[in-house]
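Residue numbers (my numbering): 737 to 877.
Yeah, the Cβ is synthetic: ideal placement off N, Cα and C, and Gly gets one too.
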């Protein structure tokens, strides 16, 4: 969901009023590079579905949102756990900064103490409160 929202924001901004990405991948090169060892068998399946980042570098560049932030024309809410082993905080930070540099409204919720899915009640409720405010602000006609 998170990656799809960012991809849609990059390539189909005219279809949406805003985008929300929760633990979305911004750079598929990093995603494949950082897959934990216990998921290595999964990598072969992903090569079949998505492709090989070494052999198909141009494809990976074309489908990684971080390389297309200049195409985003809608507000973005990006949510990230600091301990997420699949979505890089560094990549998320880079994407957010690029949006800011392009004067795109962006809200960034980074919880350093959380993994891919928020577990602490205060972070879960905080996220939903921010999500509600974000959607109320940008989905109004």
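A direct Cα-Cα distance of roughly 8 Å separates residue 766 from residue 827. Contact check for residue 756 against residue 846 fails: the beta carbons are separated by 9 Å or more.
A residue is called buried when at least 16 other Cβ atoms come within 10 angstroms of its Cβ; residue 809 does not meet this threshold and is exposed. Counting only unbroken stretches of 3 or more residues, the beta strand (DSSP E) elements lying wholly within the region 821–850 are 842–847, in sequence order. Contact between the region 771–778 and the region 791–799 is not established, with fewer than three Cβ pairs separated by less than 8 Å. Residue 769 and residue 782 have their C-alpha atoms spaced approximately 12 Å apart.
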